[in-house]
Amino acid sequence: MPTTPPQSRLTPALIVDHALRLADAEGARAVGMRRLARELDVTPMALYWHFKTKEDLLDAVADRIFADVDRDLGRGGWRTRFERLLRAVLAVVRDHPAAAELLAGSSGFGDHQLAVQECALEVLRQAGLTPEQAANVSGHALTAILGMVRSEPGRTRAGVASAEEQRRVQARLAALPPDRFPRIVEAAGPLSRCDDPEAYDEFGLSLLLAGVERLAAPPRRR
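Numbering (full-length UniProt numbering) for the sequence shown: 1 to 222.
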């Protein structure tokens, strides 16, 4: 028996939430109108009533991810508040395995995405950055966070690789010719697995914030 509401109760939010669960479980490519219609026990045309194209739906799904970003940054200096925002974005990206793929192809014009971007730009302008600098930092920061999660050692498109797969990757790297790739061979372990994801995230955030701090620092007088 179908576990979803009948077609008369179909809403954009219900469609988007189901599509997001599917994307997180099987990847963004698994999200299709026919597949969703079958799982929601409706006709494909019922979905097209709410979303004119699959791209429109995927945009809405990407925006749904940003709905969970906590934009209440509290008090403090710009660095403290920007760090809180970065951590909030990182948290939702971690919660959704499909986030990187969905956000990379998103138009960025969803209400929640715009609200997060506005929040980031406001903090960066308070740091003394120009509008152009703030826009660049905001864009690079999001890209960096997506890359941090997607490129974490031991991670595949389907999520974290099994211990066996990580061992295979490590063995393959360690077996490279040491005369040609000595540094890769010695780093075979950390290149193939992430033993401490929390420390990995902290290191990435520190790099990001250090760069922004350098940009925001007033020029030294000579």
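A virtual CB, placed ideally from N, CA and C, is assigned to each residue, including glycine.
Quiz item: Using the beta-carbon count (16 or more within 10 Å), is Phe51 buried or exposed?
Solution: buried
Self-check item: Ala28 vs Leu57 beta-carbon contact at 8 Å
Solution: no
Practice problem: Consider the Cβ of Cys194: report whether some Cβ of chain D lies at a distance smaller than 8 Å. | Solution: Of the chains in the structure shown, none is chain D; there is only one protein chain.
Exercise. Indicate whether residue 223 and Val69 have their beta-carbon atoms separated by less than 8 Å.
Key: Nothing can be reported for residue 223: it is not among the residues displayed for the chain, which extend from 1 to 222.
Quiz item: By DSSP, does Arg180 sit in helix, in strand, or in coil?
Solution: coil
Practice problem: Look at the Cβ atom of Ala210, then the Cβ atom of Leu146, and state whether they are nearer than 8 Å. | Solution: no
Self-check item: Classification of Ala175 by the beta-carbon crowding that lies within 10 angstroms, buried from 16 upward
Solution: exposed
Exercise. Keeping to the same chain, check which residues put their C-beta closer than 6 Å to that of Ala62; ignore five residues upstream and five downstream.
Key: Leu102, Leu103, Ser106
Quiz item: Buried or exposed: which applies to Arg81, given that a residue is buried once 16 or more other Cβ atoms fall within 10 Å of its Cβ?
Solution: buried
Quiz item: Using the beta-carbon count (16 or more within 10 Å), is residue 231 buried or exposed?
Solution: Here the chain comprises residues numbered 1 to 222, so residue 231 is not present and cannot be evaluated.
Quiz item: When the Cα atoms are used, what is the spatial distance from Thr3 to Val123?
Solution: At Thr3, the pLDDT of 47 sits below 50, so the modelled position is not reliable; the number obtained from the coordinates is stated separately. Whole-angstrom Cα-Cα distance: 44 Å.
Quiz item: Do you know how far the Cα of Leu121 is from the Cα of Gly154?
Solution: 33 Å
Quiz item: With C-beta atoms as the reference, is Val16 less than 8 Å away from Ala60?
Solution: yes
Quiz item: In chain order, what residues of the same chain have a beta carbon less than 6 Å from the beta carbon of Ala88, not counting five sequence neighbours either side?
Solution: Val69, Asp70
Quiz item: Between Val137 and the rest of its own chain, which residues show a CB-CB distance below 6 Å, the 5 nearest in sequence each way excluded?
Solution: Leu124, Val212
Quiz prompt | Cα-Cα separation, Asp95 to Arg64 | solution = 12 Å
Quiz item: In or out: Arg193 buried (at least 16 other Cβ within 10 Å) or exposed?
Solution: buried
Quiz item: If you drop the 5 nearest sequence neighbours on each side, which residues of the same chain put their C-beta closer than 7 Å to that of Gln166?
Solution: Gly154, Ser192, Arg193
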